[in-house]
Amino acid sequence: ETTLLFISENLLHFFNVNSREFTFRRSTFGTGIGCVAKNPSTTFSHFAVAENGQTPTIFIYNWPDLEVVKLIENAAKECFASLCYSPNGEILVSYSGKPEHVVSIHNWSVSTVLFRSFTNVPVHGLSFSSYSNKHFTSFGSEYVTFWEIVDKFTGIKLEKNEGKFDKTDTTEIICAYHMPDDTFISGCDWGNILVWKDAYIKLEIERMLNRKCHDAPITQFAHKEDELWSISMDGRIKIWHYKSLENKQFMEDQCVLGVEPIFEFDLPNIKFMGIHKVIADSTDTSYFVQDGNGGIWNADFNTAMNPKSPIQLYKCHGGAVVDIAACPWDHYVASLGSDGRLHLYQYIKKELVLSHQYPAKGTCMIWLPLHVHELGDQLIMGFDDGNLRVAVLMFDEKNITATTTQVIKSHSGSIITIALCNKRHLLVSGSEDSTIFIYSLNTIEEYVHLIPIGFIPLTLCPSYLKWHSYQEATVVIGSRNGYYSEIPISEQAQPQSQDSYLLQEKASNFILICNNSPLINKILWFTFFKMDIMWFSMDGTDSGRVYEKSLNHTCDMIYDAGHVEINNCVINEHRTYIFFIMSDGNILITKVNPDNARDFSTSWQLALHSFNRFSSQTCFSYNEKYLFTCWRDGNIFSYKININEEPTKLISPRSISRQCPKEVEDNDGYTKLSLEELKMKIKHDLKCTTTNRNRETLRQRLQSLRAQFEDLLKRNSALPSTQIIPKQEFEIHPLITQFFKDEHQVNLACVNRDHAVQIEISQIKLWKTRNRFTDPLDCFPITVKGISSRGWVKTIPQRKLAKEFHDALILVEEKMKAENETAEWKEKVMSFSGTAAIENPLERQKRVREKKDVFMTLLAQEKNFGPKINQLLERYKIRRIHFQKRKQEWEDFTAAKPLKINSVEDQINLRHAIETVGDYKLKSDTNYKVPKSLYTSVAKQYHYLLQASLKKYQIVDKYNNKVYQLRERRVKVLDYLQNLLSSLGEVQEELDEKDRKPVPVIPDTTIDDFPERNLDVKVLSEDTDVQITKPIRSNSVLKDILVDDEESEWEVEARDYRKAW
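Residues 1 to 1061 (full-length UniProt numbering) make up the sequence shown, in order.
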């Protein structure tokens, strides 16, 4: 028996390759499984499962009885990201993700943590050396660290050595492998192989002629004898002779080595994420392959003979599942993925019965209900190319097929959501182009056909839309920033003109308000309970809250889930249960209180998924016995539910024999025009055709008149001299000529005036654009790339010091000057006021001692205060006398202390301590005054802050100037190299072809090296001649405004003809 293990959310999947069947095991805590790892040692038949949650725990299971052998607790705070066993299977290494980022080594046999070490960045994976039980590596984005397990007298420790990207650009590493010669192999973003030695990049391997090893990142390495296998996402497995790389001689400063693979497997339909040999340590060449496009394969990688064709063992979506829809009459559920695949499952038999590929990424989908289409076999799907596709499912006895019957592009952007109006058979779609499009469903024919009605522009891009449940044909739209819109669609809704699909209906926009404050976050979903009551939820700061909106658009919060987004909400047909799908993987189930719908006291949560797995859609089966959810990680889950209610009895679809519908041509619509754009193009083409036709008619008429005129001149010249009409008689009267000239000047002045207005508008736009984006910058952000290396250096963006900064600096300096003058004046006043002298400390002590004691005065009067009061006064008198005696003794002792004169060095140190140590100077002298040098104030501290900002600006400005100078040097070096390259070409022409070497590639200077030139505008204005040069880039916001005074071809011809005779 061959069994594969993988995880999804809270489930362990055990896939039997022979029977193609799944068995499942739920996680213990129900809070998600982070990762799994199999013990590589043949001694142990174990695998480890790291579960996330409030108490993350690693469970060691025995195979195949699935008994928990060991349990490692307190190994992480919240979640696990990677697990890895040592080759002997005795040590388990784990990495815990946010918030701690800790690498831990465990002795799983005694369930103890041997050592823990913190990392600074997130880790993608761990890789143990196959040849050592003491070395492993952690790697991630622009990060690789080499670890060694060291035995110390205090126990096991971890020593780490961080890798240095000294010879290449920093890159994300998603795979690594330890070679037997103590080198380390890793991939990179651009598809080459990096060879590491002692935490430094020793070599970068590429193919000859500067070609990449792979066209996509490498996901896995394998080593067998002298062969190094590189497995990549580009669908290729390449085998390299690694022994020859070790023996290859290269210069010490050489960092790139060009070699060619000795063998290659090419499977373009497979996106290799990893391979695993079916039978380890055998001559069998069969491997299990994980396909990033969705699925598991059994492939043969035989280098000795022709390999067998791969067999797909399991198929699924190769990305996010964006929407699901249940069949309205049988046990089928359809799913649409971001990979463009439509899948149909028989959920009772747990079988995939249909997989159909579309040329674009799916975004949303609905299954037409029976009351709209009585056969119940049609789907309407939205895609990111702006197309709506209508598909018919043909349920034959042997198989099920999907036929695309209509493709209609109504949007120029990706379709976000679609909704069906059951009352009037209308469909609405919302798109990223900030429009909604209305369609009518033609249900008269055998198959439903979409008839486009028109579109309505919106203020913002819609995030959710739905038809109002209690208002006739009213579209309700939720957007970002808390915008809420309602659009009633009339029965006579038609475009405003035949040249456009723009409808007359307008959106009524509202801002939702709660507690007199507007709600500014994106609306995730909403649903209607009554005519005037709507529930909705939002993201951001309003995450987890359910609001209720009334008719006046004011809202009340009715439930708070604690800042956990509520991604979706579904209600059963009888509206007795509400299912809230939470972003933390829980489903909140609430039984509706008929007397108070706001009552959530009968709610409970069911943990089904892991944290931060966004749920796209949720739906019920046709009989409400199952609940389906789809998730962005590609998983689809079904749950049996028991709500003790029978749904409305559905009409079974009629069984008739019919022909398969005609399939339309279906290509991606990314480059096609939408319906509105197509109408605009037709209108423009018609206008151009009419103009060209009129121009041709005028040209033909002019040619006819010209021929007549030439014939008239010939006939006139043939007359006797006395009867010849002078040429002046054929000229147009000067007044007529002057009239047309004046009219031309008037028209030209109008055109020039309009162009001047447009120029002024463009100049104002340009000024505003520059004033907002470019003028505040100290310099344009540029990147200077290396010539022979992939290194680069870029400027640091910073804004210019505004005039307000310099004004503030001058103002603060003036205020500091005024404060100093005020302090000097006060000192002079105090020096002249002798009466304001400060009291001597000895006199103050004498005055304090002479102060009368109230209690002692009472004792002297010998009044009868009672026995208790007299006793207390007597005790006070005794303690007072004792205290005065001790104080006198201490003063006498201090007075007898010999006078000691400190050395000069001690005096200097003492003075330094008095000035710098804490507030000693304030405690040592009651008359202490802060000197001017140490005096501080708000103005002085603000001056320090301004000076620091100025210094920072000057440092960055100096650095940016050096980068600009480096760019100029690069341009000069490239020009010099181009001249050398041309000379080298002349030399190579004199050599034999066999002696010629490949010419090095010299990078060109592109417009991206000079981004400031994109906004270069040259304006020339001389009387009526105005010209603005066109920007370098055609997609710039600036427009080319030209006054074209050139004559057309027929005008030139007519003028030359007149001059000829």
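Just so you know, even glycine gets a beta-carbon here, dropped at the ideal spot from N, CA and C.
Span of the alpha helix (DSSP H), counted from its first residue to its last, around residue i
{"i": "Tyr-347", "result": "Taken as a continuous stretch (DSSP letters only), Tyr-347 belongs to no alpha helix (DSSP H), as it is neither H nor E."}
{"i": "Ile-736", "result": "734-769"}
{"i": "Trp-709", "result": "A small fix is needed here, since residue 709 is Phe in this sequence, not Trp. 675-717 is the extent of the alpha helix (DSSP H) around Phe-709."}
{"i": "Ala-939", "result": "938-989"}
{"i": "Gln-496", "result": "From DSSP, Gln-496 is part of no alpha helix (DSSP H); its letter is neither H nor E."}
{"i": "Phe-510", "result": "No alpha helix (DSSP H) contains Phe-510, which is instead part of the beta strand (DSSP E) from 508-511."}
{"i": "Lys-727", "result": "727-730"}
Under the three-state DSSP convention, the category residue i falls into
{"i": "Asp-548", "result": "Here residue 548 is Glu; the residue named in the question, Asp, does not match the sequence. DSSP places Glu-548 in strand when its eight states are reduced to three."}
{"i": "Pro-261", "result": "coil"}
{"i": "Ser-621", "result": "coil"}
{"i": "Ser-1034", "result": "Because the pLDDT at Ser-1034 is just 34, under 50, the model does not fix this residue reliably, and the point stays unresolved."}
{"i": "Phe-893", "result": "helix"}
{"i": "Ile-587", "result": "strand"}
{"i": "Met-233", "result": "coil"}
{"i": "Ser-244", "result": "helix"}
{"i": "Asp-778", "result": "coil"}
{"i": "Leu-5", "result": "strand"}
{"i": "Tyr-131", "result": "coil"}
{"i": "Ala-561", "result": "coil"}
{"i": "Trp-825", "result": "helix"}
{"i": "Asp-1016", "result": "coil"}
{"i": "Phe-805", "result": "helix"}
{"i": "Gln-504", "result": "coil"}
{"i": "Asn-18", "result": "coil"}
{"i": "Ala-913", "result": "helix"}
N-terminal and C-terminal residue of the beta strand (DSSP E) that residue i is part of
{"i": "Phe-221", "result": "218-224"}
{"i": "Asn-567", "result": "566-571"}
{"i": "Ser-82", "result": "80-85"}
{"i": "Tyr-314", "result": "311-315"}
{"i": "Lys-640", "result": "636-640"}
{"i": "Asp-423", "result": "The residue asked about is misnamed: residue 423 is Lys in this sequence, not Asp. It is not in any beta strand (DSSP E) - Lys-423 carries neither H nor E in the DSSP assignment."}
{"i": "Phe-22", "result": "21-26"}
{"i": "Lys-398", "result": "Neither: Lys-398 is in no beta strand (DSSP E) and is coded neither H nor E."}
{"i": "Asn-298", "result": "295-300"}
CB of residue i within 9 Å of CB of residue j, strictly
{"i": "Ser-96", "j": "Glu-78", "result": "yes"}
{"i": "Gly-382", "j": "Ser-429", "result": "yes"}
{"i": "Ser-537", "j": "Ile-571", "result": "no"}
{"i": "Lys-522", "j": "Gly-544", "result": "no"}
{"i": "Ser-141", "j": "Val-121", "result": "yes"}
{"i": "Ser-109", "j": "Glu-90", "result": "yes"}
{"i": "Thr-474", "j": "Glu-486", "result": "yes"}
{"i": "Ile-636", "j": "Ser-335", "result": "yes"}
{"i": "Lys-423", "j": "Glu-472", "result": "yes"}
{"i": "Gly-163", "j": "Phe-146", "result": "yes"}
Contact set for residue i: own chain, Cβ-Cβ below 7 Å, skip 5 residues either direction
{"i": "Trp-1050", "result": "Low local confidence applies: a pLDDT of 47 at Trp-1050 is under 50, so the model's placement there is unreliable, with the coordinate-based value given in what follows. Hits under 7 Å: Arg-699, Leu-702."}
{"i": "Gly-413", "result": "Gly-386, Ser-431, Glu-432, Asp-433"}
{"i": "Arg-236", "result": "His-214, Glu-264, Phe-265, Asp-266"}
Sequence-distant residues of its chain with Cβ nearer than 6 Å to residue i (five each side left out)
{"i": "Thr-285", "result": "Asp-300, Phe-301, Asn-302"}
{"i": "Cys-35", "result": "Ala-50, Phe-80, Ser-82, Leu-83"}
{"i": "Lys-794", "result": "Thr-783"}
Residue-level contact to chain D via CB, residue i, 9 Å cutoff
{"i": "Met-534", "result": "Given the protein chain composition of this structure (a single chain), no chain D is represented."}
Own chain residues within Cβ distance below 8 Å of residue i, not counting five before or after
{"i": "Gly-318", "result": "Lys-271, Asp-291, Gly-292, Asn-293, Gly-294, Gly-295, Gly-337, Asp-339, Arg-341, Gly-634"}
{"i": "Thr-602", "result": "Thr-590, Lys-591, Asn-593"}
{"i": "Ile-787", "result": "Arg-970, Val-973, Leu-974, Leu-977, Ile-1002, Pro-1003"}
{"i": "Leu-71", "result": "Thr-57, Ile-58, Phe-59, Ile-60, Ser-111"}
{"i": "Val-195", "result": "Thr-183, Phe-184, Ile-185, Ile-201, Lys-202, Leu-203, Glu-204, Ile-205, Leu-245"}
Cβ-heavy atom distance, residue i to the ligand GDP, below 8 Å
{"i": "Ile-239", "result": "Summarising the ligand content, the structure contains no ligands, and the ligand GDP is consequently not present."}
Contiguous beta strand (DSSP E) assignments of at least 3 residues, all confined to the stretch 141-204: 143-152, 155-162, 176-178, 184-186, 193-197
Start-end ranges of the beta strand (DSSP E) lying completely within the stretch 436-481, minimum 3 residues: With a minimum length of 3 residues, the continuous beta strand (DSSP E) runs that stay inside the stretch 436-481 are 449-457, 462-467, 474-479.
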